[in-house]
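Residue numbers for the sequence shown follow my numbering, beginning at 3 and rising by one.
Using N, Cα and C, we set each Cβ at its ideal position, and we do this for glycine too.
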Amino acid sequence: MWFGWIEFDLLLGDVQSLKQKRTVVRPMLAEIRHRFEVSVAESGSQELHRRAGLAAGLVAADAAHVIEVLDGIERLVAARPEVELLSARRRLLSSEDE
Numbered sequence: 003m004w005f006g007w008i009e010f011d012l013l014l015g016d017v018q019s020l021k022q023k024r025t026v027v028r029p030m031l032a033e034i035r036h037r038f039e040v041s042v043a044e045s046g047s048q049e050l051h052r053r054a055g056l057a058a059g060l061v062a063a064d065a066a067h068v069i070e071v072l073d074g075i076e077r078l079v080a081a082r083p084e085v086e087l088l089s090a091r092r093r094l095l096s097s098e099d100e
């Protein structure tokens, strides 16, 4: 069994309040969840209105599938015109890792 997750640090475009931030972040989370069937959440910078931390994770039978899904999520986030992808960090672990 393989576990994989990816974390993003995002700079949001023309956002002036936390309420506007939600109008950018929530649809992005919903699209990731729907397209890739993964767990996803806002994971950082929640008090800052122009920054967002997002994280997505999944479990699969083989590493290749996990890598494929994480690559797809990263491409989707990077292609969003309303955000600038500052960094993406990922991790892949096997259930046999100690």
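For residue i, the nearest candidate out of the options (CA to CA)
i: residue 29; options: 78, 90 and 8; result: 78
i: residue 84; options: 7, 25, 3 and 20; result: 25
i: residue 19; options: 37, 48, 38 and 42; result: 48
i: residue 66; options: 36, 99, 94 and 21; result: 94
i: residue 8; options: 41, 23 and 16; result: 41
i: residue 60; options: 44, 35, 16 and 46; result: 35
i: residue 31; options: 82, 17 and 43; result: 43
i: residue 64; options: 89, 88, 98 and 81; result: 98
Proximity of residue i and residue j at Cβ, strictly below 8 Å
i: residue 4; j: residue 62; result: yes
i: residue 69; j: residue 38; result: no
i: residue 72; j: residue 91; result: no
Residue i versus residue j: straight-line alpha-carbon distance, rounded
i: residue 45; j: residue 6; result: 16 Å
i: residue 86; j: residue 21; result: 19 Å
i: residue 89; j: residue 80; result: 10 Å
Say whether the stretch 12–21 touches the stretch 53–67, bearing in mind that this needs 3 or more beta-carbon pairs closer than 8 Å, one atom from each stretch. Output reads yes: the stretch 53–67 touches the stretch 12–21.
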